[in-house]
Amino acid sequence: MEDFTNKKNTHILVIPYPAQGHIIPLMDLTNQLAIRGLAITIFTTPKNLHILNPLVSNHPNLIQTLVLPFPSDPAIPASVENMQELPLTFLPHIYSALAKLHDPLLSWFQSQPDPPRAIISDTFLSLWTYPLARRLSIRCSGFVRCKLQL
Numbered sequence: 001m002e003d004f005t006n007k008k009n010t011h012i013l014v015i016p017y018p019a020q021g022h023i024i025p026l027m028d029l030t031n032q033l034a035i036r037g038l039a040i041t042i043f044t045t046p047k048n049l050h051i052l053n054p055l056v057s058n059h060p061n062l063i064q065t066l067v068l069p070f071p072s073d074p075a076i077p078a079s080v081e082n083m084q085e086l087p088l089t090f091l092p093h094i095y096s097a098l099a100k101l102h103d104p105l106l107s108w109f110q111s112q113p114d115p116p117r118a119i120i121s122d123t124f125l126s127l128w129t130y131p132l133a134r135r136l137s138i139r140c141s142g143f144v145r146c147k148l149q150l
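Per UniProt numbering, the very first residue in the sequence shown carries number 1; after that it's consecutive.
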């Protein structure tokens, strides 16, 4: 595995789960990584892009977005791209739809002159993001959001 002590050359792909309660905590981590000088590409879908705009505008030289269409699934209404718009019973369909992003992300990665050296993804997506990273021979770390009440 690569050494990440040379931040200047470190490019990370961030893949959040499309629910505001998951996107916002992962963007907090992304902000901290950008503050430390890491280059970051954040995957999103068109209807979730607005959530990322404040973060991207704070770090225009370090953070870019990769916007891909939300994959279709017969059980998910065509206009839905965020879990807040669906009941929890749709979770399996969201997972199934998002797993279809494996090949488009692989193609994007292979077309990059300076591809990411690691992936940080929401753990909800690890069933396909870890195999993607393994295929690309890069690291993948899962991000778990948690709320502690003491």
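Note that CB positions come from ideal geometry on N, CA and C, so glycine has one too. Fair warning: this is a prediction, and the values are worked out from it, not measured in the lab.
Check your understanding: So what does residue 182 bridge to, in DSSP terms?
Key -> Because the chain is modelled from 1 through 150, residue 182 falls outside the range shown and cannot be assessed.
Review point. If we ignore side chains and look at the alpha-carbon of each, how far apart do A78 and S96 end up?
Key: Residue mapping note: residue 78 aligns to position 78 of the sequence shown, counting from 1. Residue mapping note: residue 96 aligns to position 96 of the sequence shown, counting from 1. Approximately 15 Å, taken between the alpha carbons.
Check your understanding: Where do the ends of the alpha helix (DSSP H) carrying I24 lie?
Key -> As a first step, residue 24 must be located in the sequence shown, where it is residue number 24. Membership of I24 in the alpha helix (DSSP H) is indicated by the continuous run Q20 to I35.
Check your understanding: Nearest-angstrom Cα distance between I51 and V67?
Key -> Residue mapping note: residue 51 aligns to position 51 of the sequence shown, counting from 1. Residue mapping note: residue 67 aligns to position 67 of the sequence shown, counting from 1. The alpha-carbon atoms of I51 and V67 are separated by roughly 13 Å.
Practice item. Within the same chain, show all residues whose beta-carbon is closer than 6 Å to that of F43, passing over the 5 residues directly before and after it, in chain order. Key: As a first step, residue 43 must be located in the sequence shown, where it is residue number 43. Only I15 and L66 meet the Cβ criterion.
Review point. Are P116 and L13 closer than 8 Å when you measure CB to CB?
Key: Along the sequence shown, one-based indexing puts residue 116 at 116. Along the sequence shown, one-based indexing puts residue 13 at 13. Yes.
Check your understanding: Rounded to whole angstroms, how far is the Cβ of F143 from the Cβ of S121, which I believe are closer than 8 Å?
Key -> The count along the sequence shown starts at 1 and reaches residue 143 at position 143. The count along the sequence shown starts at 1 and reaches residue 121 at position 121. That belief holds up - the Cβ atoms of F143 and S121 are roughly 7 Å apart, short of 8 Å.
**Study point:** Close-in-space but distant-in-sequence residues of the same chain around L38 (CB under 8 Å, 5 per side omitted)
**Key:** The residue you call residue 38 lines up with position 38 of the sequence shown. The residues are K7, T10, H11, I12 and L62.
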